[in-house]
Amino acid sequence: MTMRLTPEQEAIVAAALARGLATSAEDFVSEALRKQAAALAHEGEVDAWLRDVVVPAHQEFMKNPAGGIPAHDLLTTIRARRRAEKDG
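Under numbering that gives the first Met the number 0, the sequence shown has 60 at position 61, and the numbering climbs by one with no breaks.
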């Protein structure tokens with residue numbers, strides 16, 4: 000595949016090469032694409048977690064909201080655990 004970069008994109012690549020962030024334009028673009036692919040994969044993982052874990056948990060909570068933990072109590076518990084881990 001052959002791609003053409005806009006002048007702005009070429010300037011980004013040139014600046015990266017001048018700073019020593021890559022040894023060639025091809026390396027720079029390859030690394031940028033690898034990072035984008037990783038970000039897309041992570042986004043998919045987050046979507047799956049929201050769909051498979053968060054939504055069902057919220058639906059279960061909504062069946063009996065009285066069984067939930069007040070936010071203040073939850074934050075107090077989290078802070079206490081963090082202090083214990085620090086001191087531990």
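All C-beta atoms, glycine included, are put in the ideal place defined by N, C-alpha and C.
Own chain partners of residue i with C-beta closer than 8 Å, once the 5 adjacent residues on each side are dropped
i	result
residue 30	21
Residue i: first and last residue of the uninterrupted alpha helix (DSSP H) it sits in
i	result
residue 72	70–86
residue 12	6–17
residue 52	Taken as a continuous stretch (DSSP letters only), residue 52 belongs to no alpha helix (DSSP H), as it is neither H nor E.
residue 33	24–48
Best match in the options for proximity to residue i [C-alpha to C-alpha]
i	options	result
residue 28	40, 12, 41 and 43	12
Close beta carbons around residue i, own chain, < 6 Å, minus the five adjacent residues each side
i	result
residue 24	12
Query raised in the report: Would you call the region 52–69 and the region 31–44 touching, i.e. three or more CB-CB distances under 8 Å?
Result: no
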